[in-house]
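Asks: Sending over a structure as structure tokens; questions will come in a sec.
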Amino acid sequence: MVKKAIDKTEKKRQQWIDRTAELLHVSEETTVHLLQIGRQQSIRVNTLKTSMQDVVPQLVSLGWKGQPFTWCPDGLTMEAGLQEIKNSELSSDGSIYIQNAASWLPVLALDPQAGEAILDICAAPGGKTSHIAALSNNEAYITANDNSRPRLAKLQSNLNRLGVQGIDYTLFDATQLSYKLEGRQFDKILLDAPCSGEGMMTLDSNKDFASWSVAHIKRLQQLQRKLIVQAWHLLKPGGTLVYSTCTMAPEENEAVVDYLLRHNQDAQVRQLNFSLGNRVAAVSEWNGRQFDDQLKFSMRLVPSPEIEAFFVCKLTKKVDL
7 MVKKAIDKTE KKRQQWIDRT AELLHVSEET TVHLLQIGRQ QSIRVNTLKT SMQDVVPQLV
67 SLGWKGQPFT WCPDGLTMEA GLQEIKNSEL SSDGSIYIQN AASWLPVLAL DPQAGEAILD
127 ICAAPGGKTS HIAALSNNEA YITANDNSRP RLAKLQSNLN RLGVQGIDYT LFDATQLSYK
187 LEGRQFDKIL LDAPCSGEGM MTLDSNKDFA SWSVAHIKRL QQLQRKLIVQ AWHLLKPGGT
247 LVYSTCTMAP EENEAVVDYL LRHNQDAQVR QLNFSLGNRV AAVSEWNGRQ FDDQLKFSMR
307 LVPSPEIEAF FVCKLTKKVD L
């Protein structure tokens with residue numbers, strides 16, 4: 007039984023290598039190197055509670071070493087001091103939030119502003135929701151949804167700790183969201199979709215392959231299609247939808263957005279101008295299917311020491327056809 011389990015894991019490992027090499031158009035050697043890169047946590051300074059100027063000296067006293075991210079004014083790399091900072095009052099009182107820097111990208115793409123009605127469809131545990139609140143200075147009208155009561159409770163606890171105010175919490179199955187929120191529409195929607203999580207996997211970790219499979223990716227694709235369609239129904243004309251995942255699988259990324267574009271002529275992909283060292287071209291074709299040319303404007307990231315693999319696509323709903 008143990009040998010069968012090992013053989014199955016090795017088969018999955020090779021399959022992930024082969025798929026990734028194909029979608030990135032790189033050698034197996036390059037692919038293996040990329041997929042062996044470990045994830046590094048980063049720090050987002052929570053401007054609802056403090057400032058970069060006040061926090062940095064405290065971080066240094068805890069042994070922090072790092073530098074600011076040029077593309078995120080409130081973000082810092084973390085090259086040393088992770089455990090001390092995790093256990094510090096800065097973390098427990100919500101002055102900072104520790105996460106991978108890739109998680110900031112969908113929120114920055116959304117560009118939340120004061121006075122806007124914003125929906126976060128899969129909001130728990132709340133890192134992105136709190137970032138939306140911080141960028142809008144607690145002056146956006148945020149609806150945070152999750153379909154799990156324990157996860158929603160965790161979301162509420164986190165947002166309270168982070169000083170987020172005025173959130174409308176909803177506990178709905180996101181595949182039914184346009185019916186549950188019938189009559190409501192939003193200026194901006196974030197759909198950070200449930201995914202296979204390849205961005206959080208490393209090639210040498212056997213446990214990371216326990217739930218990973220191509221069949222699972224295809225099941226998730228069906229869910230993601232339903233979610234993006236629900237999001238589109240709830241978006242105002244002229245509004246913005248940001249779709250993101252922490253996976254590299256084209257089925258869950260370009261193919262999902264392509265599905266929306268083929269069924270909604272009022273959908274338009276917007277250019278994302280983040281200049282990141284681990285950004286690569288979007289996938290234009292997969293498994294014999296050619297994707298809409300607009301997908302070239304989306305953002306695909308491969309693993310790097312500071313930023314994990316991620317996909318972000320920004321869409322707007324045309325006002326007049």
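In the numbering used here, the protein residues as written are 7 to 327.
Positions of the beta carbon are idealized from the N, C-alpha and C atoms, including for glycine.
If you're wondering where the values come from, they're calculated on a predicted model, not measured in any experiment.
1) With three or more C-beta pairs closer than 8 angstroms as the rule, is the segment 136 to 151 touching the segment 220 to 228?
2) At what residues does the alpha helix (DSSP H) containing A123 begin and finish?
3) Which one of S109, L266, S48 has the shortest CA to CA distance from K232?
4) So who's on the other strand from T26, going by DSSP bridges?
5) Run through the segment 73 to 140 for me and flag every whole beta strand (DSSP E) of 3 or more residues, listed as ranges in chain order.
6) What first and last residue would you give for the alpha helix (DSSP H) that runs through M58?
7) Alpha carbon to alpha carbon, how far is D214 from K328? Give it in angstroms, no decimals.
8) With burial defined as no fewer than 16 other Cβ atoms inside 10 Å of the residue's Cβ, what is the status of A255: buried or exposed?
9) Going by beta-carbon coordinates alone, are G205 and E314 separated by less than 7 angstroms?
10) How would you label Q42, buried or exposed, when you count the other beta carbons within 10 angstroms and need 16 or more for buried?
11) Please report the residue range of the alpha helix (DSSP H) in which T36 lies.
12) Does the segment 157 to 166 come close enough to the segment 186 to 200 that 3 or more CB-CB pairs lie under 8 angstroms?
13) What does a CB cutoff of less than 7 angstroms around A237 pick up in its chain, not counting 5 residues either side in sequence?
14) Decide if the segment 81 to 92 is in contact with the segment 43 to 59; the criterion is three or more beta carbon pairs, one per stretch, under 8 angstroms apart.
15) Alpha carbon to alpha carbon, how far is A273 from D299?
16) Drop a sphere of 10 angstroms on the beta-carbon of L65, count the other beta-carbons inside from all chains shown, and report buried for 16 or more, exposed for fewer.
17) Alpha carbons only, please: which of Q230, G100, K320, K55 is nearest the one belonging to G245?
18) Does the separation of the CB atoms of N144 and Q171 fall below 7 angstroms?
19) If you draw a straight line from the alpha carbon of L301 to that of G121, how long is it in whole angstroms?
20) Please report the residue range of the beta strand (DSSP E) in which R50 lies.
21) To the nearest angstrom, how far is it from the Cα of K92 to the Cα of F317?
22) Between the C-alpha atoms of A287 and R25, what's the straight-line distance to the nearest angstrom?
23) Judging by CA-CA distance, which residue of A180, N284, N279, K242 is the nearest neighbour of L30?
24) Out of E28, G133, Q119, which has the shortest C-alpha to C-alpha gap to N106?
25) Taking buried to mean at least 16 other C-beta atoms within 10 Å of its own C-beta, is G72 buried or exposed?
Replies: In short, the structure shows the following:
1) no
2) Counting from 1 along the sequence shown, the entry for residue 123 is found at position 117. No alpha helix (DSSP H) contains A123, which is instead part of the beta strand (DSSP E) from 123 to 126.
3) Taking the first residue of the sequence shown as position 1, residue 232 is located at position 226. The residue with the shortest Cα to Cα distance from K232 is L266.
4) Here residue 26 corresponds to residue number 20 of the sequence shown, with the count starting at 1. None; T26 has no bridge partner.
5) 78 to 83, 102 to 105, 123 to 126
6) Within the sequence shown, residue 58 is the residue found at index 52, counting from 1. Its alpha helix (DSSP H) spans residues 58 to 67.
7) Outside the modelled stretch of the chain, which goes from 7 to 327, sits residue 328, for which no answer is possible.
8) Position 249 of the sequence shown, counting from 1, holds the residue named residue 255. A255 is buried by the Cβ-count criterion.
9) To locate residue 205, count along the sequence shown from 1; it is residue 199. To locate residue 314, count along the sequence shown from 1; it is residue 308. Yes. Within cutoff.
10) Within the sequence shown, residue 42 is the residue found at index 36, counting from 1. When all chains shown are included, Q42 counts as exposed.
11) Residue 36 sits at position 30 when you count from the first residue of the sequence shown. Taken as a continuous stretch (DSSP letters only), the alpha helix (DSSP H) holding T36 covers 34 to 41.
12) no
13) Counted from its first residue, the sequence shown places residue 237 at position 231. Once the five neighbours on either side are set aside, the close Cβ partners of A237 are I127, I195, L197, L247.
14) yes
15) For this step, residue 273 is matched to residue 267 along the sequence shown. For this step, residue 299 is matched to residue 293 along the sequence shown. For A273 and D299, the distance between alpha carbons rounds to 13 angstroms.
16) Working through the sequence shown from its first residue, we reach residue 65 at position 59. Flag for L65 reads buried.
17) Taking the first residue of the sequence shown as position 1, residue 245 is located at position 239. Cα-wise, what sits closest to G245 is K320.
18) Taking the first residue of the sequence shown as position 1, residue 144 is located at position 138. Taking the first residue of the sequence shown as position 1, residue 171 is located at position 165. Taking 7 angstroms as the Cβ cut-off, N144 and Q171 qualify as a contacting pair.
19) Numbered from its first residue, the sequence shown carries residue 301 at position 295. Numbered from its first residue, the sequence shown carries residue 121 at position 115. Rounded to the nearest angstrom, the two C-alpha atoms are 30 angstroms apart.
20) As a working note, residue 50 is residue 44 in the sequence shown. Here the beta strand (DSSP E) through R50 covers 48 to 51.
21) Within the sequence shown, numbered from 1, the residue matching residue 92 stands at position 86. Within the sequence shown, numbered from 1, the residue matching residue 317 stands at position 311. Each residue's alpha carbon lies about 27 angstroms from the other.
22) As a first step, residue 287 is located in the sequence shown; it is residue number 281 there, counting from the start. As a first step, residue 25 is located in the sequence shown; it is residue number 19 there, counting from the start. About 16 angstroms.
23) Position 24 of the sequence shown, counted from the first residue, corresponds to residue 30. For the residues A180, N284, N279, K242, the minimum Cα distance to L30 belongs to N284.
24) Position 100 of the sequence shown, counted from the start, is the residue given in the question as residue 106. Among E28, G133, Q119, the Cα nearest to that of N106 is on G133.
25) As a working mapping, residue 72 is identified with position 66 in the sequence shown. Buried, because 16 or more other Cβ atoms sit within 10 Å of the Cβ of G72.
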